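Here is the structure we will look at, set down as structure tokens.
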Amino acid sequence: MDIKKFLNEHGITPTSLREEIINILSNIEKPISCDELVEQTSANKTTIYRNLTLFEEKNILISSETNRKHFYELAKEAKAYFVCDKCHKMEEITMPNLDKKHVKSVVIKGICDECYK
Ligand SMILES: [Zn+2]
1 MDIKKFLNEH GITPTSLREE IINILSNIEK PISCDELVEQ TSANKTTIYR
51 NLTLFEEKNI LISSETNRKH FYELAKEAKA YFVCDKCHKM EEITMPNLDK
101 KHVKSVVIKG ICDECYK
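For reference, each letter of the sequence shown is one residue, going 1 to 117 in full-length UniProt numbering.
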């Protein structure tokens, strides 16, 4: 993916940090928290958060909330997850076939098999 072009196309001025964040987001398998992004970049939490908010406003990023924590992933890769209330494990599940367009994210909460024993 041409990240500079991608940002420009969405009306976002490319900066090295923004490119870095998009690069991380395009390589993750599961949504990532703001703290994890802070760990993987050299920027502080406020700066990361400000950029994530901008990305969300521009509809290139979606956030899911679980256990009062936000997780982020690129909008084009929206997926459905089952999240365990006890161990907080996130498991990708088949996206439900909803009869509506523009689904941003699906988070189903419950208790996983291991915790239910
Ligand atoms: Zn569990």
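Positions of the beta carbon are idealized from the N, C-alpha and C atoms, including for glycine. Since the model is a prediction, treat every value here as computed from it, not as a measurement.
Ligand 1 heavy atom lying under 8 Å from the CB of residue i
i, result
"Ile111", "yes"
"Lys58", "no"
"Glu29", "no"
"Cys84", "yes"
"Lys89", "yes"
"Cys34", "no"
Proximity to residue i [Cα-Cα], best of the options
i, options, result
"Tyr116", "Asp85, Glu20, Val106, Leu54", "Asp85"
"Leu61", "Gln40, Glu114, Arg68, Asn23", "Asn23"
"Phe82", "His70, Glu73, Ile111", "Ile111"
"residue 157", "Asn97, Arg50, Cys87", "What is shown of the chain runs 1 to 117, which leaves residue 157 out entirely."
"Leu17", "Phe55, Pro31, Arg68, Val107", "Phe55"
"Ile93", "Asn8, Lys79, Ser42", "Lys79"
"Lys109", "Asn97, Glu65, Pro14, Val103", "Glu65"
"residue 118", "Ile3, Glu20, Ile28, Asn8", "Here the chain covers residues 1 to 117 and nothing more, so residue 118 does not appear."
Residues that DSSP places opposite residue i in a beta bridge
i, result
"Ser63", "Tyr72"
"Ser33", "Phe71"
"Phe6", "Looking at the DSSP assignment, Phe6 forms no beta bridge with any residue, so it has no partner."
"Ile108", "Phe82"
"Met90", "Val83"
Supposed close pair residue i, residue j - CB separation, criterion 8 Å
i, j, result
"Phe71", "Ser33", "6 Å"
"residue 119", "Met90", "What is shown of the chain runs 1 to 117, which leaves residue 119 out entirely."
Residues of its chain near residue i, where Cβ-Cβ distance is below 7 Å and the 5 sequence neighbours each way are ignored
i, result
"Leu74", "Leu25, Ser26, Ile60, Leu61"
8 Å Cβ shell around residue i - same chain, five flanking residues per side excluded
i, result
"Ile28", "Glu73"
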